[in-house]
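**Student:**
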Amino acid sequence: MHDAFMNLMRLRMFPSETAGRNVFFVKNASIPGVPTGGRVNIATTLINGINELTINRSESGRDFYFPYVHGVGNVTVGPVNGIAEGTIVVTGGMNGCALEVTVQNNQFVFHHDSNGRCMGRVRNAGATVCRIEANAYWRGDGAERYKYPLVQFICVYRHNWWHVLSFGIYTDGGSTVKGGFDPIGGRYRGYFNENIRLMQR
């Protein structure tokens, strides 16, 4: 438990370095709810070398979650100049979806674009400052027997930048991790803020 807690603290403080040495997976990212996510608390457990994150909704949580839905799930984080250092934003694993972040009304809006083609339906989405599409992270790995691949994205706010991390995970089709792999583009994807964009297609 101590090692897992320290790894989560290091992720908040040193996102790129910590991603290079650790693998993180949001174990219960299918929290039932509406398309808009919200604040959460994050707990972590180290199991077979994987830092398994468990999220729990909380109005006072320091971190944020946005869901996978048929269409676009999202969460708003802000204001732009008032985000706490080490804030983490998570969503469910992706295997063909796109991650997009926009700036609207002086806030960041994180979007889980369920098939990479739904953002056009979002009205007044704001200015896009980050978009990572499936071709940039996904090899099209086919599922093996009892092993289903996905890529877990995690965004960490540090020194006025959002740092984007990605981790390749094999699951049993549920929440049990069966192994891992490095996604295309590696674990550290880069950084963005309201002025500098991160685009990977």
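Residue numbers (our numbering): 2 to 202. We put the CB at the ideal spot given by N, CA and C, even for glycine.
(1) Going by C-alpha to C-alpha distance, which of L47, F25, G181, G38 sits closest to D64?
(2) Are the beta-carbon atoms belonging to T103 and A126 less than 8 Å from one another?
(3) Looking only at its own chain, which residues have a Cβ that is under 6 Å from the Cβ of T77, when we skip the five neighbours before and after it?
(4) Give the DSSP-derived three-state secondary structure of G181 in the structure shown.
(5) Suppose you measure from the CA of L47 to the CA of V24; what does that come to, to the nearest Å?
(6) For E101, list the residues DSSP reports as bridge partners.
(7) Using the Cβ count rule (16 or more neighbours within 10 Å means buried), how would you classify R188?
(8) Considering R159, what are the terminal residues of the beta strand (DSSP E) in which it resides?
(9) Could you give the first and the last residue of the continuous beta strand (DSSP E) run that contains N196?
(10) If G93 and H113 are in contact, beta carbons under 8 Å, what's the gap, nearest whole angstrom?
(11) Give me the DSSP bridge partner(s) of L47.
(12) Rank I197, E101, E86, T55 by C-alpha distance to the C-alpha of G74 and give the top, closest one.
(13) Count the other CB atoms, across all protein chains shown, that sit within 10 Å of the CB of T177; report buried if there are 16 or more and exposed otherwise.
(14) Determine the closest residue to T129 out of K148, Y158, F193, L54, with distance taken between C-alpha atoms.
(15) How big is the Cα-Cα spacing for Q201 and T88?
(16) Quick test of your reading: Y171 and Y149, contact by CB under 8 Å. State the CB separation rounded to the nearest angstrom.
(17) In the DSSP assignment, what residue or residues form a beta bridge with H164?
**Tutor:** In this structure, then:
(1) Selection L47, F25, G181, G38 evaluated against D64 yields G38 as nearest (Cα-Cα).
(2) Against a cut-off of 8 Å, the Cβ pair of A126 and T103 comes out as a contact.
(3) Within the same chain, Q108, V110 come within 6 Å of T77 by CB-CB distance, once the 5 residues on both sides are set aside.
(4) Correct three-state label for G181: strand.
(5) The alpha-carbon atoms of L47 and V24 are separated by roughly 10 Å.
(6) DSSP links E101 through a beta bridge to H112, R132.
(7) Answer is buried; the Cβ neighbour count reaches 16.
(8) R159: member of the beta strand (DSSP E) spanning 149 to 159, first to last residue.
(9) Membership of N196 in any beta strand (DSSP E) is not indicated, and neither H nor E is assigned to it by DSSP.
(10) G93 to H113, Cβ: 7 Å. Contact.
(11) Under DSSP, the beta-bridge partners assigned to L47 are N52.
(12) E101 is the residue among I197, E101, E86, T55 whose C-alpha sits nearest the C-alpha of G74.
(13) By the neighbour-count rule (16 or more Cβ atoms within 10 Å), T177 is not buried but exposed.
(14) Nearest option by C-alpha distance: F193.
(15) Rounded to the nearest angstrom, the two C-alpha atoms are 23 Å apart.
(16) Between Y149 and Y171 the Cβ distance is about 7 Å, and since that is below 8 Å, they are a contact.
(17) When DSSP reads this structure, H164 sits in a beta bridge with V157, Y192.
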